[in-house]
Amino acid sequence: MAKLEQWLRGSFDDILRRIENGIMEGSISATLEDQSDFRSGEARCSVRVFERYSYAGGNRVSMNVTLFQGNPDEPVRLSAITSGGSQAMFWKVNTWGEEAFLDKLREIL
10 MAKLEQWLRG
20 SFDDILRRIE
30 NGIMEGSISA
40 TLEDQSDFRS
50 GEARCSVRVF
60 ERYSYAGGNR
70 VSMNVTLFQG
80 NPDEPVRLSA
90 ITSGGSQAMF
100 WKVNTWGEEA
110 FLDKLREIL
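The sequence shown maps to residues 10 to 118 in the working numbering.
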């Protein structure tokens, strides 16, 4: 697994749209597997699960992206976690695909 967490400044909707478009346009094999959106008062949370084929690992890799904002005056909190890049049965080896998927998100941000 690989993980990225950071605070982002900007419109929640703009950040979410930039991530969705950037991931989908950044790889011919990328798919948006599912999504979920929550609101409670001014607080917002959006979860997106992407998947793509990793040529380096020879398998499919998933990335879960969560955005959270307590209110419109606060920065947006991002947590992104990739998984599925390992080829071993009992331990993690060859996680290049996971890191590469997360690097694509870093470029978008």
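Heads up, the beta-carbon is just placed ideally off N, CA and C, and yes, glycines get one too.
Of the choices the options, whose alpha-carbon is the least far from that of residue i?
{"i": "Trp16", "options": "Leu25, Glu60, Arg61 and Ser88", "result": "Ser88"}
{"i": "Asp46", "options": "Leu76, Ile24 and Asp23", "result": "Leu76"}
{"i": "Asp38", "options": "Glu60, Pro84, Glu116 and Ile117", "result": "Looking at the sequence itself, residue 38 is Ser, so the reference to Asp does not match. Measuring from the Cα of Ser38, the nearest candidate turns out to be Glu60."}
{"i": "Val58", "options": "Gly50, Tyr64 and Met72", "result": "Met72"}
{"i": "Ala109", "options": "Tyr64, Val74 and Glu83", "result": "Tyr64"}
{"i": "Met10", "options": "Gly35, Gln44, Arg115 and Ser92", "result": "Ser92"}
{"i": "Gly50", "options": "Lys113, Asn80, Glu14 and Val56", "result": "Asn80"}
{"i": "Ile90", "options": "Glu83, Val56 and Asn68", "result": "Val56"}
{"i": "Lys121", "options": "Ser36, Glu83, Val74 and Gln78", "result": "Residue 121 cannot be examined here, being either before or after the span of the chain that is shown, 10 to 118."}
Helix, strand or coil for residue i? Go by DSSP, reduced to three states.
{"i": "Arg115", "result": "helix"}
{"i": "Arg48", "result": "strand"}
In terms of DSSP beta bridges, what is residue i paired with?
{"i": "Glu60", "result": "Thr40 and Ser71"}
{"i": "Phe77", "result": "Cys54 and Arg86"}
{"i": "Leu25", "result": "According to DSSP, which records beta bridges pairwise, Leu25 is partnered with nothing at all."}
{"i": "Ser92", "result": "Ser71"}
Would you say residue i and residue j are within 7 Å of each other, going by their C-beta atoms?
{"i": "Glu107", "j": "Val70", "result": "yes"}
{"i": "Ile28", "j": "Val85", "result": "no"}
{"i": "Arg53", "j": "Phe21", "result": "yes"}
Could you round the C-beta distance between residue i and residue j to whole angstroms and report it? I think they count as a contact, below 8 Å.
{"i": "Ile117", "j": "Gly19", "result": "Not confirmed; about 12 Å, so no contact."}
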